[in-house]
Amino acid sequence: MPATVDRFCHQCGEKLLGRSNKKFCDDACRSLHHYTANNSPINYVRNVTNTLRRNRRILEEFIPDGKPLRVHRERLLQKGFDFNYHTHVSRTTTGNNYVFCFEYGYLPLENDWYTVVLRTEYLERSGDLPRRKE
């Protein structure tokens, strides 16, 4: 007679009784396991999107009137800016690389200084105009 091997629920770890191919102790554990497994990619996208939105909001705070401004790296970091996340890079004819979070961007300068800019042509093309704070 073959020895029986104890099996455990893939979600909660409870000992399983019943069929030999059973993976979960009940419907709640099965449902939670599949919900968690399928939400990992969704959570990743949500976290990246939230970081991009936060970066955009921080850049917007520095230039509410849309006029370019020089900002030190430390001030951006203090606000929670994450330099690893951006939507695109735009290279000018003079060879400068502007890094953008949607329509707000920055140009790296010397000694950890950045020029923060707003490109309204993206909004003009889509029909949306930037909201000005009063």
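The sequence shown runs 0 to 133 under numbering that gives the first Met the number 0.
Glycine included, every Cβ here is placed at the ideal spot set by N, Cα and C.
Since the structure is predicted, the reported quantities are computational estimates derived from the model, not experimental observations.
Residue i burial status per 10 Å Cβ neighbour count (16 or more: buried)
i     : result
MET0  : Caution applies to MET0, whose pLDDT of 47 falls short of 50 and renders its modelled position unreliable; the value that the coordinates give is listed next. The residue is exposed, with fewer than 16 neighbouring Cβ atoms inside 10 Å.
ASN54 : buried
ILE41 : exposed
LEU75 : buried
ASN99 : Sequence inspection shows Phe at residue 99; the Asn mentioned does not correspond to that position. Under this definition PHE99 is a buried residue.
CYS24 : buried
Close-in-space but distant-in-sequence residues of the same chain around residue i (CB under 6 Å, 5 per side omitted)
i     : result
VAL70 : PHE61, TYR113, VAL115
GLU59 : TYR103
ARG6  : LEU15
Same chain, Cβ closer than 8 Å to residue i, five either side skipped, listed in chain order
i      : result
ASN96  : VAL88, SER89, ARG90, LEU106, PRO107
ASP111 : HIS71, ARG72, GLU73
ILE57  : LEU75, LYS78, GLY79, PHE80
Residue i Cβ short of 8 Å to the ligand SAM heavy atom set
i     : result
ASN95 : Although the ligand SAM was asked about, the structure shown includes no ligands whatsoever.
Rounded Cβ spacing between residue i and residue j (contact assumed at less than 8 Å)
i      : j      : result
HIS33  : HIS9   : Not quite, the Cβ-Cβ distance comes to about 10 Å (not below 8 Å), so this is no contact.
PHE101 : THR119 : Not a contact, Cβ separation roughly 12 Å.
Residue i in three-state terms, based on DSSP
i      : result
ARG148 : Nothing can be reported for residue 148: it is not among the residues displayed for the chain, which extend from 0 to 133.
ARG69  : strand
ARG90  : strand
CYS100 : strand
VAL116 : strand
PRO107 : strand
PHE7   : strand
CB of residue i within 9 Å of CB of residue j, strictly
i     : j     : result
LEU16 : LYS22 : no
LEU51 : TYR84 : yes
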